[in-house]
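Numbering (this note's numbering), first residue to last: 10 to 503.
Don't be surprised by glycine CBs; every beta carbon is placed ideally from N, CA and C.
To keep things clear, I will list the structure first and then write my remarks on it.
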Amino acid sequence: MQEQQKYAVHYEPTWESLAQYAVPRWFKDAKLGIFIHWGVYSVPAFSNEWYARNMYQQGSPEFQHHRETWGDHTQFGYKDFIPMFKAEHFDADAWIDLFKRAGAQYVVPVAEHHDGFPMYATGLSDWSAVKMGPQRDILAALAESARKQGLVFGVSSHRAEHWWFMDGGRKFPSDVQDPQYAAFYGPAVEASPAASHTSEQWANKDWHPRPDAKFLDDWLARCCELVDKYQPQVFWFDWWIEQAVFEPYLQKFAAYYYNHIADPVLQYKLEAFPVGTALLDIERGKLSDIRKDYWQTDTSVSYKSWCYVENDDFKSVTTLVHDLVDVVSKNGNLLLNIGPKPDGTIPPEASERLLGLGEWLQINGEAIYGTRHWETFGEGDTTVSGHMQEHEDKPFNAQDIRFTTKDGALYAVMLGWPGESSVIKSLRIGSPLASEQIESIEMLGSSEALSWSQHEDGLHITTPSQRPCDHAYTFKIILKQAHAAEAREQAKQS
C-alpha cells in the first residue's frame with residue numbers, strides 16, 4: 010500500500026469518521042459517465058455477463074448452449090475463452106473520443122468482474138489481461154487516454170461475488186474441479202448467494218456461506234492495489250459487499266481510499282454503506298423524487314445484458330435522454346454502460362446511441378452540466394421504478410416536465426414536443442416563481458422570440474415554429490437580476 014497523502018480531512022476506518030465525507034463538486038457538475046463491461050464474458054456473447062456462472066448451472070439455457078456450441082465442460086471450460094479474448098482492435102483513444110462526443114465527463118471500466126479475470130496489471134494473480142488474452146493493461150490504457158482527453162477516470166470492482174460465482178462447476182464433472190485452475194475459478198463455494206436465507210438473515214446481513222478471512226484479505230488487497238496503481242477518482246462497487254462480514258473491510262477500504270485520492274467518489278448499492286459515508290448507486294432504476302443526498306443510477310444502452318451479446322435489444326436515444334434528464338432533476342448522475350466486442354470494437358448500435366445523446370447535449374447541455382435540482386423535480390403522471398425495476402417503466406410523454414437550475418436560470422425540460430404552446434402547471438400564479446421574477450424565456454437551440462404569461466393553471470409559453478432538436482426540449486427561464494443573484498447563492502450552498 011502506498012504512503013498516505015495529506016488532505017484537509019483525515020479518515021479513520023469507522024462509520025463515524027467516514028461520515029465526514031462529502032460528494033465532490035466535480036461529480037455533481039459532471040452528470041454523465043460511461044460504464045464499460047468488457048472481459049472474457051464478451052467472447053461467448055450469449056445471454057449476459059453472467060455466462061461464466063450460468064454455463065455451469067445445470068439445466069440453464071447457458072449450460073445447454075455451452076454443451077451444444079463448445080462441448081463438454083471438462084474439455085472446454087470458461088478458462089478456454091481467454092485465448093479467444095484478443096482485443097486486437099482495441100483503441101483506447103478512439104473509445105475515449107467517442108465518450109467525449111457522447112457528452113460524458115467520467116469513465117468507469119470494469120476492473121474485475123465476478124469471473125475473477127482482472128483487466129489490469131495485478132500483482133495478486135497470474136490470471137489477468139496483462140498475462141493472458143489481450144496481454145495488455147486495459148485499465149492503464151484507458152486511464153492514460155481519459156486523462157489526456159480531459160475525462161475523469163474511475164474503476165469498478167465486482168470481485169466480492171467470486172466467492173461463489175463458479176459453484177455450479179462443483180456439482181458435476183467440469184474443469185472447475187481441476188486443481189490447476191483453482192487460482193482462477195476461486196473458492197467456488199457450493200451455495201447460491203440468495204437461496205435458503207431467512208428474512209432475519211437478510212435483515213441482519215448474515216448471509217451464507219460467509220467469505221473467510223483469506224478471501225476478504227485478498228479482496229481488500231485488490232481494491233487497494235487499484236487505488237495505488239490507477240488513482241481512480243471514482244470507485245464503484247457491485248452488490249454482495251453489504252453483508253455483515255464485509256463491514257470492517259469496507260471501513261478500512263473507504264478510509265484508505267479517501268486518504269489517498271483527492272475528491273474521490275466511492276459508490277455502493279443497497280445498504281452496504283451508511284447514508285452519508287459514500288454515494289448510493291441504483292442499478293437499472295430511478296427514484297420517484299428528489300433525494301437529499303446525492304446519488305447515481307447505472308444502466309445500459311441495451312436491455313438484455315451489460316456486456317456484448319448477440320441480438321441484444323437496444324434502447325432508443327429518446328429513452329437515454331429522458332433517463333438522464335429525470336435523474337439529474339432528482340439530484341443524481343447517470344452512469345451509462347456499453348459492452349464492447351471481444352476484438353475491442355464498440356457495436357455500432359451502442360456508438361449510434363452515444364452520439365445521439367451527445368448531439369442532444371450539444372444543444373441542451375447547459376440545462377444538465379453544473380445544474381442543481383429545483384424545489385420540485387418536475388411534473389407529469391409518468392412514474393418510474395426503483396432498483397432493478399426499469400423494465401416496468403412506461404415511456405415519458407409531452408406532459409412530463411423536469412426542472413434544473415443554474416446561474417440564475419430555471420430550466421424546464423419537456424420530455425415530448427408540447428405543440429404550439431406549453432403550460433407548466435408547477436409555475437402557476439402562487440407558485441415559488443412569480444411572473445415578476447422572470448426576465449425572459451427562450452428555448453435552447455432556437456433564436457425565435459417566445460411569448461409567455463402566467464395564469465391560475467400555469468405558465469403559458471409559445472413554442473418555436475421549428476423544433477431545435479429531437480427527444481426533449483428545454484425552456485430557459487431567465488430570472489431578473491435580484492432573483493438570479495439569490496438563485497446563484499442557493500446553488501453555491503449545494
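Residue i burial status per 10 Å Cβ neighbour count (16 or more: buried)
| i | result |
| --- | --- |
| residue 350 | buried |
| residue 342 | buried |
| residue 192 | exposed |
| residue 282 | buried |
| residue 415 | buried |
| residue 481 | buried |
| residue 406 | exposed |
| residue 438 | exposed |
| residue 46 | buried |
| residue 184 | buried |
| residue 441 | exposed |
| residue 298 | exposed |
| residue 464 | exposed |
| residue 301 | exposed |
| residue 135 | exposed |
| residue 220 | buried |
| residue 387 | buried |
| residue 425 | buried |
Sequence-distant residues of its chain with Cβ nearer than 6 Å to residue i (five each side left out)
| i | result |
| --- | --- |
| residue 54 | 317, 318, 319 |
| residue 108 | 43, 116 |
| residue 36 | 274 |
| residue 404 | none |
Beta-carbon proximity of residue i to residue j, cut-off 8 Å
| i | j | result |
| --- | --- | --- |
| residue 133 | residue 227 | yes |
| residue 171 | residue 142 | no |
| residue 382 | residue 346 | no |
| residue 98 | residue 354 | yes |
| residue 96 | residue 272 | no |
| residue 118 | residue 160 | no |
| residue 314 | residue 324 | no |
| residue 247 | residue 169 | yes |
| residue 395 | residue 409 | no |
| residue 420 | residue 471 | no |
| residue 333 | residue 111 | no |
| residue 27 | residue 242 | no |
| residue 293 | residue 397 | yes |
| residue 233 | residue 166 | no |
| residue 51 | residue 94 | yes |
| residue 444 | residue 473 | no |
| residue 229 | residue 258 | yes |
| residue 376 | residue 413 | yes |
| residue 13 | residue 331 | no |
| residue 122 | residue 209 | no |
| residue 40 | residue 337 | yes |
Span of the beta strand (DSSP E) around residue i
| i | result |
| --- | --- |
| residue 118 | 115-121 |
| residue 42 | 41-45 |
| residue 109 | Segment 101-110 is the alpha helix (DSSP H) holding residue 109; no beta strand (DSSP E) there. |
| residue 482 | 482-488 |
| residue 156 | Taken as a continuous stretch (DSSP letters only), residue 156 belongs to no beta strand (DSSP E), being part of the alpha helix (DSSP H) at 147-157. |
| residue 292 | 288-292 |
| residue 208 | It is not in any beta strand (DSSP E) - residue 208 instead sits in the alpha helix (DSSP H) that spans 208-212. |
| residue 448 | 447-452 |
| residue 415 | 410-415 |
| residue 431 | 430-433 |
| residue 277 | 274-277 |
| residue 420 | 418-423 |
Close-in-space but distant-in-sequence residues of the same chain around residue i (CB under 8 Å, 5 per side omitted)
| i | result |
| --- | --- |
| residue 200 | 173, 176, 217, 218 |
| residue 79 | 53, 85, 89 |
| residue 251 | 214, 277, 278, 279, 280, 281 |
| residue 401 | 394 |
| residue 450 | 459, 461, 470, 484, 485, 486, 487 |
| residue 100 | 353 |
| residue 67 | 177, 180, 181 |
| residue 452 | 459, 472, 473, 477, 482, 483, 484, 485 |
| residue 154 | 101, 102, 104, 105 |
Residue span of the alpha helix (DSSP H) that contains residue i, given as start and end
| i | result |
| --- | --- |
| residue 223 | 222-239 |
| residue 327 | 326-338 |
| residue 372 | 357-373 |
| residue 269 | 256-269 |
| residue 27 | 24-27 |
| residue 193 | 191-194 |
Same chain, Cβ closer than 7 Å to residue i, neighbours up to 5 away in sequence not counted
| i | result |
| --- | --- |
| residue 466 | 432, 434, 437 |
| residue 23 | 260 |
| residue 448 | 487, 488, 489 |
| residue 196 | 172, 224 |
| residue 21 | 264 |
CB contact below 8 Å: residue i versus chain B
| i | result |
| --- | --- |
| residue 218 | Among the chains of the structure shown, chain B does not appear; only one protein chain is present. |
Quick one: complete alpha helix (DSSP H) runs, 4+ long, within the region 48-87?
-> Counting only runs of 4+ residues, the alpha helix (DSSP H) found wholly inside the region 48-87 occupies 60-63, 70-78, in chain order.
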